[in-house]
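These protein sequence lines map, in sequence, to chains W and V. Counting with the working numbering, you get residues 1 to 536 for the letters of the first sequence. Counting with the working numbering, you get residues 1001 to 1347 for the letters of the second sequence. Idealized CB from N, CA, C, for every residue including glycine. Remember, predicted model here, so these are calculated numbers, not experimental data. Data first, discussion second: the structure below is written as C-alpha cells.
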Amino acid sequence: MVDTSAPLLEMRNISKDFFGNQVLTDVSFSLHKGEILGLVGENGAGKSTLMNILFGMDVIQLTGGYEGEMLVDGKIVDYTSSFDAIADGIGMVHQEFSLLPDFTVAENILLNREPEKYSFISEVFGERLNSLDRNSMNEKSKKAIGKLGVAINSSMLVGRMPVGHKQFTEIARELSKESTRILVLDEPTAVLTEQEASILLSAVRSLANEGIAIIFISHRLQEIIDVCDTVLIMRDGKIVKNEKAQDLTIAQIARWMVGREVTHHADRRSFDYEHSSVMLSIKNLWVDMPGETVRNVSLDVHKGEIIGIGGLAGQGKLGIPNGAMGLFTAGGSITFEGKEIALNEPRRFLDAGMAFVSEDRRGVGLLLDESLDWNISFAAMQVNDKFLKKYLNGMLMWRDEKQIQAVAQQYIDALEIKCTSYRQKAKELSGGNQQKICLAKAFALTPKLLFVSEPTRGIDIGAKSLVLQALRDYNEKSGTTIVMISSELEELRAICDRIAIVTDGRISGILPAETPSEDFGLLMVSKRGNTEEKPA
Amino acid sequence: MTKIKQFIHSFGWPRIIIGLFLLSLFIIAPFVGINVSTSLSDTIVRFGMNGIMVLAMVPMIHSGCGLNFGLPLGIIAGLLGGTLSIEFNFVGNVSFLMAILLSTPFAVILGWGYGKLLNRVKGSEMMIATYVGFSSVAFMCIMWLLLPYNHPSMVWGYAGTGLRTTISTEGYYWHVLSNFLKFGIGDHFTFPTGMILFFALIAFLMWAFLHTKKGTAMTAVGSNPVFARASGINIDKIRTLSVIMSTWLGAIGILVYQQSFGFIQLYMGPFYMALPAVSAILIGGASVNKATILNVVVGTLLFQGILTMTPSVMNSIIHTDMSEVIRIIVSNGMILYALTRKSEATR
Ligand SMILES: Nc1ncnc2c1ncn2[C@@H]1O[C@H](COP(=O)(O)OP(=O)(O)OP(=O)(O)O)[C@@H](O)[C@H]1O
Ligand SMILES: [Mg+2]
C-alpha cells in the first residue's frame, strides 16, 4: 500500500567524507508512508553511513558532519543526536548491537519506549526502573517478542545471550515502539537462519501495512526482492539504480552492485573423508553457552575435510566451537591428533594448532580501537611467536612492524578488504570488511584445523564467493581441515563435504553435502537425539 | 588544510587551548616583572620531579585496569626504600641506588596483592584503587610510628622512636640526579640534566616494553579482554603484571621527586600524589584505556607548567601573596577538568 502523495522522508544530495575519504557522493532518494525500501550495495558502499546520518548518530558529527539536506514530512531536519531522530519517530536497528549488556531483555526493549529518557543511560535508570511495574514490563516485552514468533526469556541478561537472540531483542525493541514512523533495519537478518528470517520478513510486511515506512538493508538479495517495494542500489557511495523490486532478479542486482558479472560459488567436489584419519574427536561435549546450549555432542572430524555444522538458531550449533575453544564452560573430551586437549583453556586449543573465527566479531573477534595490522597479526604473534624479532636467545621479543604490516597488506589484498590502509582502526571498517579481518586473523595463525563460525555473515554477494573460495583454497593448498558453522544451509552445501545438523544440543544427523536441502530441513526440525554417525 | 585539520583532530583541542594559555602566561610574565628563565627552569624541574609518577599510570591504563588511583601504594614502597636506605646509613649516590633496590621488593609484593585484588573487582577497578590508596596511607600512618627505625636523622628527637613527618634527604640522595651534568644558562636558568635523563631512560624502557610481545599483549588486554582471551592470553596474569609495574614506577617516581625536593614526606604525604598524576596524563590526551609516552610528556609539561606559572603571574598582577591559594585553585581546577575529560574519553 505505497502512498504516492508527498514523501515521508527525502534525502537530497547527501555527501559525506571521513577525513578526506569520500564515502557518500550526492545521494538522493525519497521514501513514502508504508513503503519498504531495500538498500543494497557491496561492503563499504556506504549503506550504514547513510543510515547513521539519517539517525543523527554521534559518529557523523564527530567526524565533521555531512553535506546535503534531509526532509521529514516536508520539513528540513538536521538531527544533532539520535534522541532528536527518535523523538521525530525514526527507529533504527543497527548493524551492530546497541543493547545494554547488563540489562535484561525486557529492560532493553522497554527502556527505549520512552525516548526522552534515553539519554540517561546510567545508574539513574536502576532506580527509575524499580518504580516500574516489572510484571507489566515483562508482559509488554513478551508481546513484542511474540510478534516475532521466537522464544526468548525476557528476564535474561542481554550480555549472556547469543548473537541471534540479541538481534531478535533489538528488533523487538523497535517493533514495540508506537511512535515510530520510519524504521531502519540495517542487516537485521544477517544473524538469523532462513526460517527465522522469514518470520521477521512477515513482521516487516505487517508493519508496512500499518503505514510505517521501512528501510531494509540486507546482503540476502532474495529477501530484498521478496519483501521490498523499491530497491536502491549503491556502489562506492553513489546510487546507481533505483528500481521497483518486482521485476528484479538476483543476478541483475548483483551485477549493478558489483559492476561486473558475479561468479558462482566454488564447485562441489568429492572428498573421501572416510579414508583419511580422524584428526579431531569430540566426545560427549556439553557446553554452557546461554541460548546455544550443547547437551551431548560426539563428532569425528577427518583430516583434510571441510565439515559443515548447521541447524536452527538456539539449537547449539554455535556452542560447539565456542565450547571446544574454551570461551564458554564445557565438559566432555576433545582429542586432537591423538592428544587430549584440556577444555576451558583457550591457550591449549590454540597451542595444539587449532583456530576459531567467532561469530561475535565485535565482541570476540576484533580489537576495535586498534589498527588492522594489529588485529590480523596479534593472535599469531602471541600463539606462534610470529612477527617478532628475537634477541638474547628469545628473552627479548620485539614486535617486527615490517612483517606485521606486510602480512596485513597481504591479506588486505587477498581478501579485497576495503580500507584506507592497514593503519585504519578496525571500528572504522564496514561490517563486512570487519568480517574479513577476522578471517585474515585466523589464516595468519596457519592452523591445522580451523573452526569458522558464520564466515559470510554480513558479507556482500561478491565477497561471499570470494570468502568461500578463500576457505576452499586454504583447505586445498595448505591442507587445513575446516569445521564451518553456518546458519545458511546453501553456503554449507556449496563448499562442505558433509554437513552435521544440530538439534536441541545434539547432532541429529550427518549427511553428505549433495543431499537435497529438504532432507536437511527434516533433520533440523526432528528431535531424534544423538544418532550415531551414519556413513552416507 | 586537511593536514592541519588532522593534526588538530589527533592532538586534540584541549591540549591546544591549554598549550596556548601556557604560552600566553610566558608572554605576559616579563611585563609583570617575572623572570622567564626562572619560570622555565622551575617548570622543567617540576616536570622531572613528577614525570615518572605520571608514567606510572601507563601500564595499568594499557591493561584495562584504568587510572591508578592507588598510586599511594607505590609511593609507600618508595618511602620504605628511601627510609631504609637512610636507616642503613648509605650516603650519596649509593643511597639512591639502594633506595631503589630496597623499595623494589615492597613494590613487587604490594603490587602483586593489589593486582590480585583488582582482578576480583573487574569493572570497578578505579573505585577500589582509590580505597586501596586511602587505606594504605592510613595504615602506614600507624606503621611509620611503630616500625623500629632509629636513625637519628629520621626519628622524633624527644622520643627516639617513630619517624618524623618530613625527613631531609640532604647528605643522602639529595640532588644526586639533578646535579648530574647539570648546567646553567645565565643566572636564573639551570637544567637538571641527570633527572631529565633518568626520566628519559625510564620512559624509554616503558616505550620499549610496549613494543615487546608481552607489552603488545598488555595493550590488547586493555583494548578488548575477550579478544585477548580468545588469542590465548592469560588476562589476570597480564593485569597483575601491569599493576606491579605501575606500583614500582610509583616507588621510583617518589624517590626521584624526593631527591629533587630535598625531603621525604611521610604520613599524609603520599595521599596527595595520585590526583595530580592522574590529571596530568588525562590532560596529556590519554583516556581510561589508551595512553602513550607522548601523553605523559605533554600532559606533565602542561600540568606542571600551568601550576608553576599561574600563581606567579597572578601574584604579580594583583600584588598580594596569594600564590598558595591560587596554586590550590589551579591544581584542583585542572584535576576537576581532567576528570570530566575522562568520562568523555570513555564514550
Ligand atoms: N567512523 C569511521 N571513520 C572512518 N571511516 C569510516 C567510518 N565509518 C565508516 N567508514 C568508512 O566508510 C565506508 C562505508 O562504510 P559503511 O559502514 O557505510 O558500509 P556498508 O555499506 O554499511 O557496508 P557493509 O555491508 O559491510 O556493512 C567504508 O569504507 C568505511 O571504511
Ligand atoms: Mg553496514
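Taking each of W/H302, W/I510 and W/G314 in turn and checking the Cα distance to W/D272, the smallest one comes out for W/H302.
At a cut-off of 8 Å, the beta-carbon of W/Q95 counts as near ligand 2: some heavy atom of the ligand is closer than that. Taking a Cβ-Cβ cut-off of 7 Å, the neighbours of W/M397 in chain V comprise T1212 and K1213, given in sequence order. Leaving aside the five residues that flank V/G1033 on each side, the residues in its chain whose CB is nearer than 7 Å to its CB run, in chain order, S1316. For the pair of segments examined, the segment 1157-1176 of chain V was found to touch the segment 1262-1274 of chain V: the number of CB pairs separated by less than 8 Å reaches three.
According to DSSP, residue pairing for W/D186 in a beta bridge involves W/I217. Straight-line measurement puts the Cα of W/M70 at about 32 Å from the Cα of W/E107.
The C-beta of V/K1290 comes closer than 9 Å to at least one C-beta of chain W. Counting only runs of at least 3 residues, the segment 1121-1146 of chain V fully encloses no beta strand (DSSP E) element at all. Chain order gives the chain V residues near W/L367 as T1219, A1220, S1223, N1224, F1227 and A1228, where near means a beta carbon separation below 9 Å. With a threshold of 8 Å, the Cβ atom of W/S218 does not count as near ligand 2, since no heavy atom of the ligand is closer than that.
Contact check for W/L192 and W/Q222: beta-carbon distance about 14 Å, past the 8 Å limit, so the pair fails to qualify. Counting only unbroken stretches of 4 or more residues, the alpha helix (DSSP H) elements lying wholly within the segment 79-108 of chain W are 82-87, in sequence order. Residues R362 of the same chain have their beta carbon placed closer than 6 Å to that of W/E96, with the five preceding and five following residues left out of the count. In the three-state DSSP reduction, W/K389 falls in the strand class (E or B). Note on geometry: alpha-carbon atoms of V/R1046 and V/A1277 lie some 12 Å from one another. Identification of residues in the segment 362-392 of chain W having a C-beta nearer than 8 Å to some C-beta of chain V yields G363, V364, G365, L366, L367, L368, D369, E370, W374, F378, A379, M381, Q382, V383, D385 and L388, given in sequence order.
Comparing alpha carbon positions, the residue from V/V1094, V/M1143 and V/G1051 closest to V/M1268 is V/M1143. Per DSSP, W/V278 lies in no alpha helix (DSSP H) segment; the continuous beta strand (DSSP E) that holds it begins and ends at V278 to V287. Under the three-state reduction of DSSP output, W/H302 falls in the strand class. The C-alpha of V/L1118 is placed about 9 Å away from the C-alpha of V/M1126.
A residue is called buried once 16 or more other Cβ atoms fall within 10 Å of its Cβ, and V/L1336, having fewer, is exposed.
Distances from the alpha-carbon of V/L1079 to those of V/S1323, V/M1154, V/A1228 and V/G1012 put V/M1154 closest. Around the CB of W/D186, 16 or more other CB atoms lie within 10 Å, so the residue is classed as buried.
Ranked by Cα distance from W/D360, the options W/D84, W/V452, W/I60 and W/I341 are led by W/V452.
Contact check between the segment 1243-1259 of chain V and the segment 433-440 of chain W: fewer than three CB pairs, one atom from each, fall below 8 Å, which does not count as touching. Annotated three-state conformation of W/I459 is coil, per DSSP. Taking the Cα positions, W/Q469 is about 16 Å away from W/C438.
In the three-state reduction of the DSSP assignment, W/N344 falls in the coil class. Relative to ligand 1, W/C228 has its C-beta separated by 8 Å or more from all heavy atoms. Taken in chain order, the members of the segment 1226-1252 of chain V whose beta-carbon sits within less than 8 Å of a beta-carbon on chain W are V1226, F1227, R1229, A1230, S1231, G1232, I1233 and N1234. DSSP places W/N209 in the helix class (H, G or I) of the three-state scheme. The C-beta of W/E490 has fewer than 16 other C-beta atoms within 10 Å across all chains shown, which makes the residue exposed. Secondary structure at W/D373: helix, using DSSP grouped into helix, strand and coil. Counting other Cβ atoms within 10 Å of its Cβ, V/T1320 stays below 16 and is therefore classed as exposed. By DSSP's assignment, V/Q1265 forms a beta bridge with V/T1166.
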